[in-house]
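This report refers to the structure that appears directly beneath it.
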Amino acid sequence: AMPGVFRFSQDELLKEIEQLKRSGVSSVILFGLPGEKDDAGRQAYSENGVIQKVVRALKKNFGDELAVITDVCLCGYTKHGHCGVIKKSHKVTKSQGHQIKIDNNKTINILAKIALSHARAGADIVAPSAMMDGQVAAIREGLDKNGFGDTAIMGYSAKFASNFYGPFREAAGSGMKFGDRKSYQMDFRNSDEALREIEADIQEGADIVMVKPALAYLDIIARAKEKFSVPLAAFNVSGEYAMVRTYLKMSPSHQVTKSPEMEKQLVLEILTAIKRAGADIIITYWAKDAAKWLK
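Counting with this note's numbering, you get residues 542 to 836 for the letters of the sequence shown.
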């Protein structure tokens with residue numbers, strides 16, 4: 542699904558981080574692939590979960606030289622692939638299929654448990670991506686009450702119900718078994734709602750806010766940068782990555798020999814556009830390459 546992007550075991554990840562650091566990359570965001578899943582996503586907050594173990598290993602090996610960010614969600618840990626606890630009353634109809642109803646309050650309590658487990662393992666920043674109402678406030682309260690007031694929160698504040706997530710979901714095994722995420726992710730046609738969601742996250746205690754995806758939402762990034770003073774992240778997502786890879790693969794035969802330089806120029810144009818729009822932080826699958834190119 543994503544040529545050139547790999548899933549790592551803990552020992553291989555430590556080697557990859559060494560390479561990233563040599564390239565000039567000093568922060569990473571982690572997504573876990575658990576060995577088993579259930580309907581409640583219990584592995585997401587297990588003290589011996591995949592992310593918890595990896596965070597401890599990274600902080601032991603790299604300390605403060607590496608900023609460790611962890612994704613906080615349930616989709617990768619549940620059998621159904623949704624980002625929250627599904628209400629038992631959700632319906633199945635012939636015309637609309639599954640109508641998903643998420644139990645928001647139960648979900649944010651679980652997200653707070655996940656974030657706390659990551660903080661205890663040593664995460665520097667926790668990044669809730671479930672798009673539940675009040676998730677930042679619940680996490681901030683849980684962290685503060687347990688002595689982790691210094692652990693920062695990067696909210697996926699404006700996360701759209703986008704068609705650009707497919708390659709990641711395939712690679713991470715986090716696709717939905719039924720329904721979609723439109724009931725809790727944002728309508729891509731509505732820009733004002735994005736600003737309201739960002740403002741809400743800031744009021745709840747987010748230290749960093751995010752727009753996801755990036756490339757098709759440069760206007761949202763620009764508006765957010767103009768209106769808010771907190772650091773702004775943008776996620777250059779898997780579908781955007783795949784578009785470039787596909788374009789390079791389909792280039793005319795006489796350009797094939799130029800593909801490494803073509804890739805460099807394409808990627809730097811995209812990342813520059815995201816930066817120009819106002820992003821302070823860019824999350825991208827090209828981080829290692831971009832760091833080398835920009836040296």
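Cβ coordinates follow ideal geometry from the N, Cα and C atoms, glycine included.
Approximately 21 Å separates the beta-carbon atoms of Gly582 and Arg681; this is outside 8 Å, ruling out the contact.
For Thr813, the enclosing alpha helix (DSSP H) begins and ends at 800-818. Residue burial annotation: Tyr788 is exposed, with fewer than 16 other C-beta atoms found within 10 angstroms of its C-beta. Out of Met673, Asn602, Val750, Lys594, the CA that lies nearest to the CA of Cys616 is found in Met673. Taking Gly663 as reference, the option from Val677, Val595, Gly683 with the minimal CA-CA separation is Val595. By alpha-carbon distance to His621, the top candidate from Ala656, Asp605, Lys578, Asp728 is Lys578. When C-alpha distances from Lys600 are compared across Ser567, Lys628, Gly576, the shortest belongs to Ser567. For Val677, the enclosing alpha helix (DSSP H) begins and ends at 676-686. When C-beta atoms of the region 731-739 are compared with those of the region 683-699, three or more pairs fall below 8 Å, so the two segments count as touching. Per the coordinates, the alpha-carbon of Val613 lies some 25 Å from the alpha-carbon of Gly819. Rounded to whole angstroms, Leu607 and Leu554 show a C-alpha spacing of 13 Å. For secondary structure counted as the alpha helix (DSSP H) over 4 or more consecutive residues, the region 728-763 holds these complete runs in sequence order: 732-745. By the Cβ-count criterion, Gln560 is exposed, with fewer than 16 other Cβ atoms from all chains shown falling within 10 Å of its own Cβ. When DSSP assignments are scanned along the region 555-621, the uninterrupted stretches of alpha helix (DSSP H) that are 4 or more residues long and fall wholly within it turn out to be 591-603. Secondary structure at Ala774: strand, using DSSP grouped into helix, strand and coil. DSSP lists no beta-bridge partner residue for Pro708. Across the set Asp821, Val626, Pro801, Lys833, the C-alpha of Asp821 shows the shortest separation from the C-alpha of Val750.
Counting every other CB atom within 10 Å of its CB across the protein chains shown gives Ser658 a total of 16 or more, marking it as buried. For Ala668, the uninterrupted beta strand (DSSP E) segment begins and ends at 666-669.
By the neighbour-count criterion, in which a residue is buried when 16 or more other Cβ atoms sit within 10 angstroms of its Cβ, Met791 is exposed.
For Asn645 against Ala679, the beta-carbon gap comes to about 10 Å, at or over 8 Å, which does not count as contact. No Cβ-Cβ contact shorter than 8 Å links Val785 with Ala755. Asp742 is not a Cβ neighbour of Glu734, given a cutoff of 8 Å. Nearest C-alpha to Arg730 among Val569, Ile762, Ala702, Asp748: Ala702. Burial is judged here by how many other beta carbons sit within 10 angstroms of a residue's own beta carbon; Pro544 has fewer than 16 and is exposed. Close CB contacts of Phe689 within its chain, under the 8 Å cut and outside five residues either way in sequence, are with Leu657, Ala660, Arg661 (chain order).
Leu835 counts as exposed, since fewer than 16 other C-beta atoms from the protein chains shown sit within 10 angstroms of its C-beta. Cβ neighbours of Phe776 within its own chain (closer than 7 Å, five residues either side excluded): Met751, Lys753, Pro754, Ala755, Ile824. Among the bridge pairs identified by DSSP, Met695 is matched with Ile749. Comparing alpha carbon positions, the residue from Leu812, Ala693, Tyr782, Ile815 closest to Asn704 is Tyr782.
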